[in-house]
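Notes follow the structure.
Protein chains: 2
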Amino acid sequence: MPKKPQLLQATVVAQTHVFKVEQLDLRFSNGVEVQYERLIGSRDGAVLMIPMMDEQTVLLVREYAAGVADYQLMLPKGRIERDEPPLDAANREMMEEIGYGAHKLTHLTTLTQAPSYQTHTTHIILAEQLYPQKEQGDEPEPLEVVPWRLDNLPALFASGEFNEARSVAAIYMARERMLAAQGVL
Amino acid sequence: MPKKPQLLQATVVAQTHVFKVEQLDLRFSNGVEVQYERLIGSRDGAVLMIPMMDEQTVLLVREYAAGVADYQLMLPKGRIERDEPPLDAANREMMEEIGYGAHKLTHLTTLTQAPSYQTHTTHIILAEQLYPQKEQGDEPEPLEVVPWRLDNLPALFASGEFNEARSVAAIYMARERMLAAQGVL
Chain A
1 MPKKPQLLQA TVVAQTHVFK VEQLDLRFSN GVEVQYERLI GSRDGAVLMI
51 PMMDEQTVLL VREYAAGVAD YQLMLPKGRI ERDEPPLDAA NREMMEEIGY
101 GAHKLTHLTT LTQAPSYQTH TTHIILAEQL YPQKEQGDEP EPLEVVPWRL
151 DNLPALFASG EFNEARSVAA IYMARERMLA AQGVL
Chain B
186 MPKKPQLLQA TVVAQTHVFK VEQLDLRFSN GVEVQYERLI GSRDGAVLMI
236 PMMDEQTVLL VREYAAGVAD YQLMLPKGRI ERDEPPLDAA NREMMEEIGY
286 GAHKLTHLTT LTQAPSYQTH TTHIILAEQL YPQKEQGDEP EPLEVVPWRL
336 DNLPALFASG EFNEARSVAA IYMARERMLA AQGVL
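Residue numbers (the working numbering), protein chains in the order written: chain A, 1 to 185; chain B, 186 to 370.
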């Protein structure tokens, strides 16, 4: 593994209600000095859930995504509150977004988003043994819940609505587990 | 499909060398008004390449990721220059990062990163029929090129070094094509 660059200086150069930007002065092990900027995410990161309605069906949400100014199909997700255990955050966000809790929650992996310039991390949580329970979230309108069968992913990708990288990675992981359970992989 | 919210006002609230933050005032179709912030990405987005060394082997790079302050294994990627066609950007970035061009470049899909609060999009490009050609990029140090077999993804995920959501999504897509070509899926 290469030797990490030395951090010469870190300076906050912008701070808004949501975003914080840090400027980094780095010296690489070969002596080259560079200046980067990175976005500081929330300390505890986010959770993204794969809610399994049954062994072959996940629950997606159709939600307005202000960044791209359009409705998108995604797996439910949300920010972890300060000091909240990730699995608790997962269950809370599911109750708020899709109206289900899960008796069984499994941390599959933790993904980064754009590690070159963001600190942000997202825990991917498999949610099984669902039970109906609705809690009030901070969504401006109710989210549409869309069940999707894991043996029908090509149609999901072809829909043009399911493009979020973390959701795509996570749904492949869920399909992988299904195929393994079926003895295909 | 739900009716999109109305954009009441958009205001730039921060601008650094790299990042631009916009505040959005939105009115949803049910009358609820909210204020969001979003990060404005580069106009033409980014490219992420899946360089196929042969039908079963992709080339990864080990690169210092300043956002998470560690070396990471990722698929090669880069920003599209102004008015550069995405496939040209893909070939240029591969020559700079891994020292190969590709005779065959295929746009597989376009992923978003965090569409709720970023405009950023990344084109996923399958690169086949590679040929050695090295061009000088803006990397502060040469990137280590790491070949990886698509039939050995569990070991890659277990390495703890391969976590970037777009790279994970893209490598599953490449494996999917391999399995389809082998008649497994």
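Beta carbons are placed, not taken as given, at the ideal position from N, Cα and C, and that holds for glycine.
Please read all numbers here as calculations on a predicted model, not as lab measurements.
Can you name, in chain order, every residue of its own chain whose Cβ lies under 7 Å from the Cβ of A/R79, other than the five neighbours on each side? S42 and A46
Strictly below 7 Å CB to CB, what residues from chain A border B/P300? A65, G67, V68, Q72 and E164
What does B/V217 touch in chain A if you count any residue whose Cβ is under 8 Å from its own? Those within 8 Å of B/V217 in chain A are P140 and E141.
Whether B/P236 touches B/P271 by CB criterion (8 Å): no
For B/E282, would you say it is in contact with chain A, using Cβ-to-Cβ distances shorter than 8 Å as the test? no
Nearest-angstrom Cα separation, counted from A/E37 out to B/H202: 8 Å
For the alpha helix (DSSP H) containing A/M95, list its first residue and its last residue. P86 to E97
Is it right to say A/G67 is buried, meaning 16 or more other beta carbons lie within 10 angstroms of its own, or is it exposed? With 16 or more other Cβ atoms within 10 Å, it is buried.
Distance check for B/K205 and A/V21, CA to CA, integer angstroms please. 10 Å
Within chain A, the residues that B/P190 reaches when beta carbons sit closer than 7 Å: Y64
Give the interface partners of A/Q118 over in chain B, defined as CB-CB distance under 7 Å, in chain order. Within 7 Å Cβ-Cβ: G252.
Short of 9 Å Cβ to Cβ, which residues in the segment 258 to 272 of chain B face chain A? M259 and K262
At least one CB of chain A closer than 8 Å to the CB of B/A246: is that the case? Note on identity: in this sequence residue 246 of chain B is Val, with Ala being the wrong assignment. Closer than 8 Å: no.
Over what stretch of residues does the alpha helix (DSSP H) that includes B/L209 continue unbroken? Note, B/L209: premise wrong, no alpha helix (DSSP H); beta strand (DSSP E) at K205 to R212.
Chain B contact for A/L24 (CB, 8 Å cutoff): yes
Which residues does DSSP pair with B/L338 in a beta bridge? Paired residues: none, contrary to the question.
Taking only the alpha-carbon atoms, compute the straight-line gap between A/A102 and A/L130 and give it to the nearest angstrom. 4 Å
Between A/L26, A/M1 and A/Q15, which has its C-alpha nearest A/Q9's C-alpha? A/L26
Checking 8 Å against the spacing of the C-beta atoms, do A/L59 and A/L73 come in under that value? No; because the gap between Cβ atoms is not below 8 Å, this pair is not in contact.
Give the residues of chain B in contact with A/H17, contact being defined as C-beta atoms less than 7 Å apart. E222
So, is B/P300 buried or exposed, given that buried needs 16 or more other C-beta atoms within 10 angstroms? Classification of B/P300: buried, given that the 10 Å Cβ count is 16 or more.
Is the CB-CB distance between A/I98 and A/V145 below 8 Å? yes
Using only the alpha-carbon positions, how far apart do A/M1 and B/Y256 sit? 8 Å
Alpha carbon to alpha carbon, how far is B/T297 from A/S159? Each residue's CA atom was taken as its position, placing B/T297 and A/S159 some 14 Å apart.
Check whether the segment 136 to 150 of chain A and the segment 117 to 127 of chain A are in contact - that is, three or more C-beta pairs closer than 8 Å. no
Can you tell me the Cα-Cα spacing of A/G31 and B/A274, whole angstroms? Cα to Cα, the separation comes out at about 29 Å.
When you compare the CB of A/T57 with every CB in chain B, is at least one pair closer than 8 Å? no
Rounded to whole angstroms, what is the Cα-Cα separation between A/H120 and B/H305? 15 Å
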